[in-house]
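All remarks here apply to the structure that follows.
In the working numbering, the protein residues as written are 1 to 721.
Dropping the structure here:
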């Protein structure tokens, strides 16, 4: 085995998932840079490395050094130290600070930091906070490098190793060696497959009880991520056996152990349906059904005056003074149902007057001095509700007093004082959050749930709005009449056509609904970028970074979310001098990028689906700042995997949002996802302009396909009992 020692001049490629790297190494005695390839810890230009491996000849790239192992070597020269410290490897030290430290200590710099760190205070502009940040980062880097030696040999990438160390500290190796599946339970971003890879590398048998149990829980979690509340036992056993590559006969005993440990619950929902739940979803479903039945059946003692009311007088009070339009008969009936039912669903498509109806309900409650609480599942939806209702609205988490440490402070022990609780965009509401909402509603209060039942169901587990309507236990006020002004919008009329199974009309005189025909993915992607970056701004004066949202049916493919984000970033926010950027997790984040939060982060109050812009990237302190609806949220490098680029997002992720302009690729390559409610949801996200890019055949396929993906949920059946 050969050994090379040199300085990293450039990182040509790094894959954060497996650590595969291509480096250019400056090695003393070699006239040219040496290309080093292999699965290595993440390194930065300026680091000194000792790599062990062997020379090989690549057919296309010539002579390379295939590294099997590498060790960090601290630089010995002043210039090497300056480059090493200025590389951004140590949090708190950027190029300018590195210059000052090296100017102060010269060749002794690294010795000082390692064994006499208190002397860093001798350096100009290093105060107590920066001193603490530097020394902490230095110690963490040393510890991580030691942990990496073990983890790297078992195929763990640097990014995951850092997460493991951050979670367990000095216990990292012990946890990995004794209970690798704990990683999947404790650390977001490390799933069963990663933990299983480590466990198998450590010699764990395929049929080890802990492995079978972890695989079953993971299979259930995967189904929950697809929206299912439970899994039929045969389906679960099939999925888990395929995942674990073991005979399905080995799994029932593991299910028994999981049930004994109360990690799962089983129930026969029908004669031929044995349902397996993760315990939190079982409890949420059972309790939500019980609480909702109790709320429906409890006496209506709060809004009694509406039972025998002078409705003509009330509807006169309900007229909006700023826009005095009388309510239609359909809207009047909906208002009556909402005010005389303990629980009511108000549903309907765009342009049918849901907002006007909702305003009328709120005004009549205020006329009678009844306190009202308004909320939506997300910040964007709450902002829209507040604007529409003309009253303050909150996210459900804020309404229910959520904190990461204490959970929901508004609950069955301290309920909401409102006589009516109104929740908008209920199609986005998942089962677990719905259960927490029901805990907080007074038994004597009323609950009005507003949403479009024909849209896609929630990203989280459950089909709350659909189940409530299907149960027959909850009164439903459905608005269907499109108002004249709304009927002038091709967006609204085409949305209703799609929902009725009719193809959209692309009229020559349309000003808000267009189709660019492209049958293949590559040309469609190119056309889409041109539409977003040039055509829309030129014709409509909209800002492509803040006013235009691309919504794609799928993540993969040339016209999928991932590829479109790369194209759109290059077109809308390319690299420029003076604009900071950082490669994190295989992606380049750049100041000005549009990004989306992809998991709930309660301490930051940043929730799955929130869209913002990167305002700043601090290379020295290793943080980036994202602004969501005017609120700045700070992330360190390790948290960047909570963000994805959002120049393009999935249609599912756009629920509850509206954008001035929406651009949607529709191609036959997306056939798996071409469903009526998917296209309907995409079109109804557009406020001023909707552009489809793709083939007429794909649009027709989506319109014809009324078969919604079935979600396994028992809420509707439990409500009927």
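Each residue gets a CB set at the ideal place from its N, CA and C atoms; glycine is no exception.
Annotation for residue 649: 549, 550, 551, 552, 561, 596, 611 place their beta carbon closer than 8 Å to its own, counting only its chain and skipping 5 residues before and after. Counting along the chain, residue 628 sits inside the beta strand (DSSP E) bounded by residues 623 to 628. Going by DSSP, residue 282 is part of no beta strand (DSSP E) but of the alpha helix (DSSP H) stretching over 279 to 297. In this chain, the beta strand (DSSP E) harbouring residue 64 covers 62 to 73. Inter-residue distance for residue 580 and residue 573 is about 12 Å (C-alpha atoms, whole angstroms).
Taken in chain order, the complete beta strand (DSSP E) segments of 3 residues or longer contained in the segment 342 to 367 are 343 to 348. Annotated three-state conformation of residue 42 is coil, per DSSP. Here the alpha carbon of residue 670 sits roughly 7 Å from the alpha carbon of residue 554. In the DSSP assignment, residue 496 falls outside any beta strand (DSSP E) and lies within the alpha helix (DSSP H) extending over 490 to 499. With 16 or more neighbouring CB atoms inside 10 Å of its own CB, residue 645 falls in the buried class.
In this structure, DSSP gives residue 615 an extended state, which the three-state scheme calls strand.
Membership of residue 54 in the beta strand (DSSP E) is indicated by the continuous run 48 to 58. When DSSP states are grouped into helix, strand and coil, residue 6 belongs to the strand group. Of 259, 402, 489, the smallest CA-CA separation from residue 509 is found for 489. Using a C-beta cut-off of 8 Å, the segment 708 to 721 makes contact with the segment 284 to 304, since at least three inter-stretch Cβ pairs fall below that distance. By the Cβ criterion, the segment 218 to 237 is in contact with the segment 708 to 717, since at least three pairs of Cβ atoms, one from each stretch, lie closer than 8 Å.
Cβ contact annotation for residue 100 (same chain, cutoff 8 Å, sequence separation greater than five): 123, 124, 125, 126, in chain order.
In the three-state DSSP reduction, residue 205 falls in the coil class, being neither helix nor strand. Secondary structure in the segment 87 to 153: the alpha helix (DSSP H) runs of 4 residues or longer, each lying completely within the stretch, are 95 to 105, 109 to 115, 128 to 152 in chain order. For the pair of segments examined, the segment 465 to 485 was found not to touch the segment 669 to 684: the number of CB pairs separated by less than 8 Å stays below three. With fewer than 16 other Cβ atoms inside 10 Å of its own Cβ, residue 57 counts as exposed. If you check the CB distance, residue 441 and residue 416 come in under 8 Å. For the pair residue 220 and residue 277, the Cα-to-Cα distance works out to about 8 Å.
Of all C-beta pairs linking the segment 240 to 247 to the segment 203 to 218, three or more are shorter than 8 Å, placing the two stretches in contact.
Judged by DSSP in its simplified three-state form, residue 607 adopts coil rather than helix or strand. Using a Cβ distance threshold of 8 Å, residue 512 and residue 689 count as a contacting pair. DSSP, reduced to helix, strand and coil, places residue 238 within a helical segment of the structure shown.
Contact check for residue 67 and residue 110: beta-carbon distance about 24 Å, past the 8 Å limit, so the pair fails to qualify. Distance between residue 698 and residue 516, taken at the CA atoms: about 13 Å.
Boundaries for residue 477: no alpha helix (DSSP H) harbours it, while the beta strand (DSSP E) harbouring it runs 476 to 479, taken from the DSSP string.
By the neighbour-count criterion, in which 16 or more other beta carbons inside 10 Å mark a residue as buried, residue 161 falls on the buried side. Look at residue 516 here: in three-state DSSP terms it is strand. By the Cβ test, the segment 427 to 440 is in contact with the segment 449 to 461, since at least three Cβ pairs between them sit closer than 8 Å.
For the 8 Å CB-CB criterion, residue 693 and residue 531 form a contact.
When the alpha-carbon of residue 627 is set against those of 594, 271, 665, the nearest one is in 594. Minimum Cα-Cα distance from residue 652 among the listed residues 598, 147, 621 corresponds to 598.
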